[in-house]
Amino acid sequence: MKDYPIEIDDYLSGNMSTSEKKAFEERLDTDPALAEELILQKDMLSIYEDQEWLEGDKNALKTEEAKQLKSFFESEEASDLKTTIREVVSENKYKPYNKSFWFIGIAASIALLITISLFVFKDNSYDKLYVEYIRIEEIPSLVTRGVDNNKLLEDAQLLFEEKKYQQAISIFTSYQSNNNSIEPLSYIYLGVAYLELKDFDNALNQFELLKTSNTLQSKKANWYKAMVYLKENKKRKLVNILKGILSDENNYKFKEAQKLLEKIDK
Amino acid sequence: MPEVHKDLLQKLANGDRKTIQEIYSSVFPKVLGYVSKNNGEKEDAEDIFQKVLLQIIARYKVKAFKIDSSLEGYVFSASRNLWRRELNKQKRIVTNDKVLEHSKESEDMTMAILEQEKWELFQEKLTELSDNCKQLLQLFFQKVPYKDIVEKLGYNTDNVVRQRVFNCKSQLTKLIKNDSRYNQIKEL
Chain X
7 MKDYPIEIDD YLSGNMSTSE KKAFEERLDT DPALAEELIL QKDMLSIYED QEWLEGDKNA
67 LKTEEAKQLK SFFESEEASD LKTTIREVVS ENKYKPYNKS FWFIGIAASI ALLITISLFV
127 FKDNSYDKLY VEYIRIEEIP SLVTRGVDNN KLLEDAQLLF EEKKYQQAIS IFTSYQSNNN
187 SIEPLSYIYL GVAYLELKDF DNALNQFELL KTSNTLQSKK ANWYKAMVYL KENKKRKLVN
247 ILKGILSDEN NYKFKEAQKL LEKIDK
Chain Y
201 MPEVHKDLLQ KLANGDRKTI QEIYSSVFPK VLGYVSKNNG EKEDAEDIFQ KVLLQIIARY
261 KVKAFKIDSS LEGYVFSASR NLWRRELNKQ KRIVTNDKVL EHSKESEDMT MAILEQEKWE
321 LFQEKLTELS DNCKQLLQLF FQKVPYKDIV EKLGYNTDNV VRQRVFNCKS QLTKLIKNDS
381 RYNQIKEL
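Chains as they are written, first to last, in my numbering: chain X, 7 to 272; chain Y, 201 to 388.
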């Protein structure tokens with residue numbers, strides 16, 4: 007039985023000489039059926055090897071099924087469902103006790119009430135802590151870093167320093183979308199700009215990009231995320247991320263994280 | 201599809217909190233375990249869990265959708281896939297210029313479903329092979345060298361294994377191509 011050309015295996019496993027490979031690739035250009043077979047074999051390898059996820063081609067969005075799915079996701083019904091699911095998920099975060107011990111439940115509610123009042127009371131102090139710890143002046147400058155200073159980045163940094171965050175955001179944004187290799191510091195600048203404007207989601211997004219950028223700056227991501235949670239008054243998330251930083255004393259801002267945790271845990 | 205599933209899916213699609221809670225209690229800990237082992241945080245796991253439930257609802261609403269295994273197993277496997285997809289995406293966002301191409305969420309969710317469907321088709325076809333082929337191909341796809349397969353499965357030579365792998369892959373290819381779903385997703 008032969009349901010696909012065996013040469014494909016040799017091609018995919020690298021068992022071809024340079025000239026065989028060249029000849030095979032030339033055939034691919036002229037033989038769409040062969041090209042299609044190759045794609046299928048490649049997809050099979052990728053799916054069955056079970057390592058990286060196989061992404062699809064956006065052309066598939068044109069199919070009838072895709073259109074229906076998309077319009078479902080855009081519907082109000084989908085957004086209501088999403089909210090409901092989110093609510094159930096977040097209810098679980100604060101459900102640490104076995105429900106059958108109702109008296110503990112009551113104790114917990116009282117504790118919760120106390121915590122809530124503490125939160126309200128502490129709001130102000132969180133703001134002060136943010137101002138104390140954000141240390142904008144510590145962000146390395148984009149301008150002195152290389153010979154080829156990028157004019158766009160210079161301008162953006164200037165606006166940032168003048169606290170014209172909205173304008174800085176639009177320049178950094180267009181810089182990031184138009185460049186292949188992105189200066190990792192731009193994630194910090196853009197993230198902090200969003201943070202100053204209380205756009206927490208976008209700020210977190212930038213620090214996540216920073217984290218995954220695999221550069222020297224990546225190690226700073228957790229600290230900046232902590233700053234987001236601090237400004238946002240999200241104590242639980244803040245405590246978690248600070249504890250993460252404290253797991254290794256070589257982590258960026260280890261000492262600051264220690265102090266901050268002491269202050270908010272009082 | 202077992203009646204229980206149908207009923208559960210229906211309730212889920214109606215946004216029944218009790219059903220969502222049940223699925224959460226039985227599956228979320230596993231999703232969290234997988235995500236945290238693979239560079240994710242609790243928030244990521246929650247996000248994935250929520251998206252997978254919405255995925256299932258969308259598929260249930262748009263077309264006949266059935267789950268052959270247990271719903272729990274299904275939710276976990278779809279979550280695992282979605283997290284792998286998310287990791288891929290993060291990698292790509294950093295290396296390419298797509299940082300702010302916040303391709304609309306609905307489009308992304310749709311793509312995720314189409315990719316998941318393709319994955320399911322391929323997995324399903326693999327199970328239709330003979331046990332012998334399945335075992336052989338599993339080793340092959342795990343990149344176990346031919347000479348080790350020879351020993352493990354008691355074949356005579358590398359060449360016999362090579363031939364047998366090709367035959368099994370041929371059968372699998374044929375099964376995939378003959379499924380009507382394949383033609384629909386070929387462009388994927």
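Just so it is clear, CB atoms sit at the ideal spot from N, CA and C, and this is done for glycine as well.
In whole angstroms, what is the alpha-carbon distance linking residue 205 of chain X and residue 211 of chain X?
-> On the first sequence, position 199 is the one that residue 205 of chain X refers to. On the first sequence, position 205 is the one that residue 211 of chain X refers to. Residue 205 of chain X and residue 211 of chain X: Cα-Cα distance of roughly 10 Å.
Going along the chain, which residues of its own chain have a beta-carbon closer than 7 Å to the beta-carbon of residue 230 of chain Y, five neighbours each way excluded?
-> Numbered from its first residue, the second sequence carries residue 230 of chain Y at position 30. Once the five neighbours on either side are set aside, the close Cβ partners of residue 230 of chain Y are 276.
Hey, which unbroken runs of the alpha helix (DSSP H) at 4 residues or more fall wholly within the region 139–221 of chain X?
-> Runs found: 157–167, 171–184, 191–202, 206–217.
Using beta-carbon positions only, say whether residue 230 of chain X and residue 243 of chain X come within less than 8 Å of one another.
-> Indexing the first sequence from 1 puts residue 230 of chain X at position 224. Indexing the first sequence from 1 puts residue 243 of chain X at position 237. The Cβ-Cβ distance between residue 230 of chain X and residue 243 of chain X does not fall below 8 Å.
Which value, in whole angstroms, describes the spacing of the CA atoms of residue 273 of chain Y and residue 255 of chain Y?
-> Here residue 273 of chain Y is taken as the residue at index 73 of the second sequence, counted from 1. Here residue 255 of chain Y is taken as the residue at index 55 of the second sequence, counted from 1. Looking at the two C-alpha atoms, the distance is approximately 15 Å.
Chain-ordered chain A contacts of residue 59 of chain X [CB-CB under 8 Å] | This model lacks chain A altogether, as its protein chains are X and Y.
Around the Cβ of residue 389 of chain Y, are there at least 16 other Cβ atoms within 10 angstroms (buried) or fewer (exposed)?
-> Residue 389 of chain Y lies beyond the stretch modelled for chain Y, which goes from 201 to 388, so this question has no answer here.
Within chain X, partners of residue 381 of chain Y - CB distance below 8 Å | In the second sequence, residue 381 of chain Y corresponds to position 181, counting from 1. Under the 8 Å cutoff, chain X gives no residues; its nearest Cβ is about 10 Å from residue 381 of chain Y.
Endpoints, alpha helix (DSSP H) assigned at residue 244 of chain X = Within the first sequence, numbered from 1, the residue matching residue 244 of chain X stands at position 238. DSSP places residue 244 of chain X inside the alpha helix (DSSP H), whose first and last residues are 241–251.
Is the region 12–30 of chain X touching the region 40–60 of chain X in the sense that three or more CB pairs, one from each, lie closer than 8 Å?
-> At 8 Å Cβ cutoff, the stretches touch.
Please determine if the region 315–327 of chain Y and the region 368–376 of chain Y are in contact, where contact requires at least 3 C-beta pairs separated by less than 8 Å.
-> Touching, yes.
Is any beta-carbon of chain Y found at less than 8 Å from that of residue 12 of chain X?
-> As a working mapping, residue 12 of chain X is identified with position 6 in the first sequence. For residue 12 of chain X, the answer is yes, since a Cβ of chain Y falls inside 8 Å of its Cβ.
Cβ-Cβ separation, residue 220 of chain Y to residue 91 of chain X (assumed contact under 8 Å), whole Å | Walking along the first sequence from the start, residue 91 of chain X turns up at place 85. Walking along the second sequence from the start, residue 220 of chain Y turns up at place 20. Correct: roughly 6 Å between the Cβ atoms.
For residue 68 of chain X, which option in Y:261, Y:310, Y:368 has the closest C-alpha, if you only look at C-alpha atoms?
-> Along the first sequence, read from residue 1 onward, the residue named residue 68 of chain X stands at position 62. In terms of Cα proximity to residue 68 of chain X, the closest of Y:261, Y:310, Y:368 is Y:310.
Taking the C-alpha atoms as reference points, what is the distance between residue 140 of chain X and residue 220 of chain X?
-> To locate residue 140 of chain X, count along the first sequence from 1; it is residue 134. To locate residue 220 of chain X, count along the first sequence from 1; it is residue 214. Using only the alpha carbons, I get a separation of about 23 Å.
So residue 354 of chain Y is in the alpha helix (DSSP H); what residue range does that whole segment cover?
-> In the second sequence, residue 354 of chain Y corresponds to position 154, counting from 1. Taken as a continuous stretch (DSSP letters only), residue 354 of chain Y belongs to no alpha helix (DSSP H), as it is neither H nor E.
Could you tell me whether any Cβ in chain Y is nearer than 8 Å to the Cβ of residue 54 of chain X?
-> Here residue 54 of chain X is taken as the residue at index 48 of the first sequence, counted from 1. Against chain Y, the CB of residue 54 of chain X has a partner CB under 8 Å away; the residue lies at that interface.
Would you say residue 279 of chain Y and residue 322 of chain Y are within 8 Å of each other, going by their C-beta atoms?
-> What you label residue 279 of chain Y is simply residue 79 of the second sequence in a count that begins at 1. What you label residue 322 of chain Y is simply residue 122 of the second sequence in a count that begins at 1. Cβ atoms of residue 279 of chain Y and residue 322 of chain Y: not closer than 8 Å.
Just confirm the distance between the C-beta atoms of residue 257 of chain Y and residue 212 of chain Y, as a whole number of angstroms; I'd bet it's less than 8 Å.
-> Translated into positions along the second sequence, residue 257 of chain Y becomes position 57. Translated into positions along the second sequence, residue 212 of chain Y becomes position 12. Contact holds; Cβ gap of about 6 Å.
DSSP three-state assignment for residue 312 of chain Y, whether helix, strand or coil = Numbered from 1 along the second sequence, position 112 holds the residue referred to as residue 312 of chain Y. Three-state DSSP puts residue 312 of chain Y in a helix.
Between the CA atoms of residue 208 of chain X and residue 197 of chain X - distance to the nearest angstrom = Here residue 197 of chain X is taken as the residue at index 191 of the first sequence, counted from 1. Here residue 208 of chain X is taken as the residue at index 202 of the first sequence, counted from 1. The straight-line gap from Cα to Cα measures roughly 7 Å.
Backbone secondary structure at residue 342 of chain Y - three-state DSSP | Walking along the second sequence from the start, residue 342 of chain Y turns up at place 142. Of the three classes helix, strand and coil, the one that applies to residue 342 of chain Y here is coil, per DSSP.
Nearest chain X C-beta to residue 264 of chain Y closer than 8 Å, yes or no?
-> Your numbering for residue 264 of chain Y matches position 64 in the second sequence. Answer no: the Cβ-Cβ gap between residue 264 of chain Y and chain X never drops below 8 Å.
Report yes if the CB atom of residue 195 of chain X is closer than 8 Å to the CB atom of residue 162 of chain X, and no otherwise.
-> The count along the first sequence starts at 1 and reaches residue 195 of chain X at position 189. The count along the first sequence starts at 1 and reaches residue 162 of chain X at position 156. Contact flag set, yes.
Local Cβ density within 10 Å of residue 263 of chain X, reported as buried at 16 or more and exposed below that | In the first sequence, counting from the first residue as 1, residue 263 of chain X sits at position 257. The residue is buried, with at least 16 neighbouring Cβ atoms inside 10 Å.
Close Cβ partners of residue 201 of chain X (< 7 Å) along its chain, the five nearest in sequence each way excluded | The count along the first sequence starts at 1 and reaches residue 201 of chain X at position 195. Result list for residue 201 of chain X: 209, 233, 234, 237, in chain order.
Residue range of the alpha helix (DSSP H) that includes residue 30 of chain X | Position 24 of the first sequence, counted from the start, is the residue given in the question as residue 30 of chain X. It spans 24–36 - the alpha helix (DSSP H) in which residue 30 of chain X sits, taken as one unbroken run.
Within-8 Å CB hit, residue 41 of chain X to chain Y = Locating residue 41 of chain X in the first sequence gives position 35, counting from the first residue. Not an interface residue.
From X:134, X:133, X:191, pick the residue whose C-alpha is nearest to that of residue 159 of chain X; which is it?
-> Counting from 1 along the first sequence, the entry for residue 159 of chain X is found at position 153. Taking residue 159 of chain X as reference, the option from X:134, X:133, X:191 with the minimal CA-CA separation is X:191.
Compute the Euclidean distance between the alpha carbons of residue 96 of chain X and residue 351 of chain Y, then round it to the nearest angstrom.
-> Along the first sequence, one-based indexing puts residue 96 of chain X at 90. Along the second sequence, one-based indexing puts residue 351 of chain Y at 151. Rounded to the nearest angstrom, the two C-alpha atoms are 52 Å apart.
Under 7 Å (Cβ pairs) to chain X, residues found in the region 204–233 of chain Y | Within the region 204–233 of chain Y, those residues whose Cβ lies closer than 7 Å to any Cβ of chain X are, in chain order, 215, 217, 220, 221, 224.
Give every residue of the same chain whose Cβ lies closer than 7 Å to the Cβ of residue 282 of chain Y, excluding the five residues on either side of it in the sequence, and list them in chain order.
-> Numbered from its first residue, the second sequence carries residue 282 of chain Y at position 82. Excluding sequence neighbours, residue 282 of chain Y sits near 248, 251, 252, 312.
List in chain order: all unbroken alpha helix (DSSP H) runs of 4+ residues lying wholly within the region 217–252 of chain Y.
-> 217–237, all fully within the region 217–252 of chain Y.
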